[in-house]
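To start, the structure under review is shown below, and the notes come after it.
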Amino acid sequence: MAQADMEELVPDDVIPHKTLPPLRYRDLPEAPPWTQLVGPSVILAGLALGSGEFVFWPYITYRSGFVFFWACLLGVITQYFINLEIERWTLATGESAITGFCRLSRWWAPVMLLLNILPWIWPGWATGAGKLLSWLVFGAQTKALVTAVPLLVSPTPELPADLREHAAVVETSGGAAELRWTGSLAAPQQQQLRGLSADPAWNEAIDQLTLRLRKTGGMELQTKYVNWIAIGTLVLIGLVLTSSPVVYNTVERLQSWLVLLIVVCACVLGVLFIQPYAITALLRGSLSLGELPGPESGLEQMALLGALAFAGAGGTMNLGQSNFIKDKGYGMGKYIGRITSPITGNEEAIADVGYHFKHTPENMRRWRDWWRAANMEHFFSFFLTCVACLVLLALLAYSLFYDANGQIRPEAANFGEDLNFIWGEANLIEAGFSNPLLGKLFRTMFFVMGMALLLTTELGVLDATVRISTDILKVNFLRNNDAWSQSRLYFVLLWTEIAIGTAILLAGEYYPQFRQPMFLLKTSAAMNGGVMFIYTVILLYLNNKILSRSLSMTPLRFLAMVWGCGFFGYFTLLALKYEVFPWLTGGR
12 MAQADMEELV
22 PDDVIPHKTL
32 PPLRYRDLPE
42 APPWTQLVGP
52 SVILAGLALG
62 SGEFVFWPYI
72 TYRSGFVFFW
82 ACLLGVITQY
92 FINLEIERWT
102 LATGESAITG
112 FCRLSRWWAP
122 VMLLLNILPW
132 IWPGWATGAG
142 KLLSWLVFGA
152 QTKALVTAVP
162 LLVSPTPELP
172 ADLREHAAVV
182 ETSGGAAELR
192 WTGSLAAPQQ
202 QQLRGLSADP
212 AWNEAIDQLT
222 LRLRKTGGME
232 LQTKYVNWIA
242 IGTLVLIGLV
252 LTSSPVVYNT
262 VERLQSWLVL
272 LIVVCACVLG
282 VLFIQPYAIT
292 ALLRGSLSLG
302 ELPGPESGLE
312 QMALLGALAF
322 AGAGGTMNLG
332 QSNFIKDKGY
342 GMGKYIGRIT
352 SPITGNEEAI
362 ADVGYHFKHT
372 PENMRRWRDW
382 WRAANMEHFF
392 SFFLTCVACL
402 VLLALLAYSL
412 FYDANGQIRP
422 EAANFGEDLN
432 FIWGEANLIE
442 AGFSNPLLGK
452 LFRTMFFVMG
462 MALLLTTELG
472 VLDATVRIST
482 DILKVNFLRN
492 NDAWSQSRLY
502 FVLLWTEIAI
512 GTAILLAGEY
522 YPQFRQPMFL
532 LKTSAAMNGG
542 VMFIYTVILL
552 YLNNKILSRS
562 LSMTPLRFLA
572 MVWGCGFFGY
582 FTLLALKYEV
592 FPWLTGGR
């Protein structure tokens with residue numbers, strides 16, 4: 012008789028199995044020291060660094076200073092508690108958190124599959140890495156953009172000769188007039204335009220022009236071969252994962268080295284460029300609870316929601332933490348098995364469903380040891396790494412873009428949208444050295460750090476997304492199909508996702524928005540903010556009503572999770588109200 016048939020089943024009054032097979036009893040293994048568990052949270056930190064820490068929060072700092080930084084810190088703290096609740100279920104059962112959701116209702120399987128695939132299918136990180144590499148190798152060509160605003164002034168003021176190179180008043184086909192401005196708008200030019208007429212309608216048009224140019228910069232940085240470089244990075248990541256004997260071990264090793272490189276580079280640049288006034292401004296912004304960036308910042312609600320989701324890993328990547336600790340062998344995950352390469356690895360037997368332990372005094376002692384070790388590992392590997400890099404990179408951006416009076420520097424005012432602000436940071440770093448060789452060296456360091464950040468994220472996103480999808484499909488739909496092992500399913504899904512990402516990037520040759528990393532990242536991040544609200548609510552129920560009282564949340568952690576529901580729920584509603592619904596109804 013097979014061992015699985017002889018094992019005692021966990022009764023439904025302990026953990027109900029519903030549409031999945033029941034859990035089986037085994038003793039909880041002994042917990043090692045927490046330092047031997049380091050790895051899963053480093054992977055999660057690597058996912059966080061390339062999105063929130065390097066892109067979204069420095070971008071928000073560039074647009075509005077530290078006015079919204081309080082939300083960043085709250086976002087990281089909230090995700091710390093959410094992640095540990097994701098780990099709780101896996102420690103207790105060896106199953107992923109999503110498998111736990113599917114024990115509540117079979118409908119969570121297709122829902123979570125869609126919520127896992129749709130937000131992460133956009134290859135924004137590979138595109139961003141491609142853009143940085145293109146800038147480093149080929150540089151960038153600057154193209155002036157034409158910005159137009161309607162004019163309700165009659166008669167229109169005459170433009171002086173020195174402004175006609177940039178400005179023109181043009182009659183449109185409908186008989187109305189508009190002011191068109193070519194290129195960026197300097198402060199003296201803005202003042203000169205205002206002085207041409209005292210008419211309130213004219214000044215309102217100048218306000219609109221200034222606001223639009225604050226958002227776009229009036230300039231476009233044209234780069235070469237970005238999408239082709241991005242496709243190359245996707246294929247390279249696919250080859251690395253496919254050739255890994257044990258996929259988790261390769262991901263952990265790569266992410267650990269890349270995160271170390273990133274932290275070292277951030278510290279070196281921070282020592283050289285961060286100014287004391289930036290630290291003061293950050294502390295002041297951290298205490299401005301409830302304050303939001305104004306319309307003059309040009310920031311949309313979707314960008315703010317995305318930044319909150321990426322103040323940490325974000326979306327279903329947080330749920331991937333349960334898959335990571337399962338492969339690392341945390342708690343009951345020791346009995347489950349790992350995904351191996353079909354080419355270079357020896358396939359391991361992987362249990363489709365998990366195990367639980369009887370609540371004997373010895374097992375409960377081991378549970379407390381595991382819970383303590385998991386908290387320590389996540390605090391030092393994820394929480395402190397994310398906070399340190401968030402603070403360092405935001406301070407670096409503020410020190411480069413703003414002066415001691417909190418005003419944006421004239422040379423930094425027109426970097427515009429997308430990742431252009433990163434190009435600006437690199438050039439300001441180079442300009443900060445009197446020695447040209449040193450300037451180029453540190454500019455290169457910044458670009459290399461950025462590419463490492465974005466590639467760690469793309470690597471982690473591909474692995475985690477495919478890992479979660481594999482788990483959902485195998486456990487819920489292919490459990491009794493021996494032809495589709497988890498390893499085989501993983502690699503088929505991996506190359507399918509790479510193929511879809513490649514198709515999106517090729518579409519960028521015809522649809523310009525698919526050539527813009529920030530558009531792809533905003534799309535992914537905003538969707539993930541809503542996803543986090545959904546699964547935080549489910550975790551509250553799962554870990555309080557399904558797990559026994561001795562394993563469930565303490566009152567403090569329960570309150571933290573309630574806060575997480577409200578936190579992400581509030582910003583999801585804002586995004587729906589101001590971005591999604593107007594778009595669906597044609598209001599924007």
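Residue numbering for the sequence shown follows the numbering used here, starting at 12 and increasing by one per position.
Yeah, the Cβ is synthetic: ideal placement off N, Cα and C, and Gly gets one too.
Item	Value
Residue burial classification, residue 562 (beta-carbon count within 10 angstroms, cutoff 16)	buried
Check whether residue 227 and residue 146 have beta carbons under 8 angstroms apart	no
Secondary structure of residue 31, DSSP reduced to three states	coil
Bridge-paired residues (DSSP) for residue 419	413
Outcome for residue 183 when other beta-carbon atoms lying within 10 angstroms are tallied against a minimum of 16	exposed
Inter-residue spacing [alpha-carbon to alpha-carbon] between residue 88 and residue 571	9 angstroms
Nearest-angstrom Cα separation, counted from residue 544 out to residue 582	9 angstroms
N- and C-terminal bounds of the alpha helix (DSSP H) containing residue 564	Premise fails: residue 564 is in no alpha helix (DSSP H) and is neither H nor E.
Sequence ranges, alpha helix (DSSP H) only - wholly within the segment 397-476, length at least 4	431-442
Proximity of residue 404 and residue 65 at Cβ, strictly below 8 angstroms	yes
Secondary structure of residue 513, DSSP reduced to three states	helix
Local conformation of residue 161 per DSSP, three classes	strand
Whether residue 101 touches residue 341 by CB criterion (8 angstroms)	yes
Where residue 425 falls, given that 16 or more other Cβ within 10 Å makes a residue buried	buried
The segment 132-141 touching the segment 187-201, judged by at least three CB pairs closer than 8 angstroms	no
Under the three-state DSSP convention, the category residue 36 falls into	strand
Residue 547 and residue 569 closer than 8 angstroms at C-beta	no
Residue closest to residue 90, alpha-carbon to alpha-carbon, out of 347, 330, 457, 215	330
Environment of residue 393 [buried if 16+ CB atoms lie within 10 Å]	buried
At least 3 beta-carbon pairs within less than 8 angstroms: the segment 164-180 vs the segment 491-511	no
For residue 175, the residue or residues it bridges with in DSSP	In DSSP, residue 175 forms no bridge with anything.
Sufficient close CB pairs (3 or more, under 8 angstroms) joining the segment 493-502 to the segment 264-277	no
Per DSSP, the bridge partner or partners of residue 154	231
Residue 671 (DSSP reduced to helix, strand or coil)	In the structure as shown, the chain starts at 12 and stops at 599, and residue 671 therefore has no counterpart that could be examined.
Element boundaries [beta strand (DSSP E), containing residue 191]	188-193
Cutoff 8 angstroms; reference residue 95; Cβ partners in own chain excluding five residues on either side	385, 386, 389, 568
Element boundaries [alpha helix (DSSP H), containing residue 117]	Counting along the chain, residue 117 falls outside any alpha helix (DSSP H), and DSSP gives it neither H nor E.
CB-CB length for residue 128 against residue 334, believed under 8 angstroms	Between residue 334 and residue 128 the Cβ distance is about 15 angstroms, and since that is not below 8 angstroms, they are no contact.
Residue 25 in three-state terms, based on DSSP	coil
Where residue 366 sits in the DSSP three-state scheme	strand
Closest residue to residue 326 among 23, 539, 488, 422 (Cα-Cα distance)	539
Sheet register partners of residue 311 (DSSP bridge)	Per DSSP, none; premise fails for residue 311.
Touch test, the segment 31-49 against the segment 457-475, Cβ-Cβ under 8 angstroms, three pairs minimum	no
Rounded separation between residue 13 and residue 549 - CA only	Any reading at residue 13 needs caution, since the residue's pLDDT is 47, under 50, leaving its predicted position unreliable; the model's value is listed next. Their backbone Cα atoms lie some 35 angstroms apart in a straight line.
Buried versus exposed call for residue 135 [16 or more other C-beta atoms within 10 Å across all chains shown]	buried
N-terminal and C-terminal residue of the alpha helix (DSSP H) that residue 250 is part of	237-253
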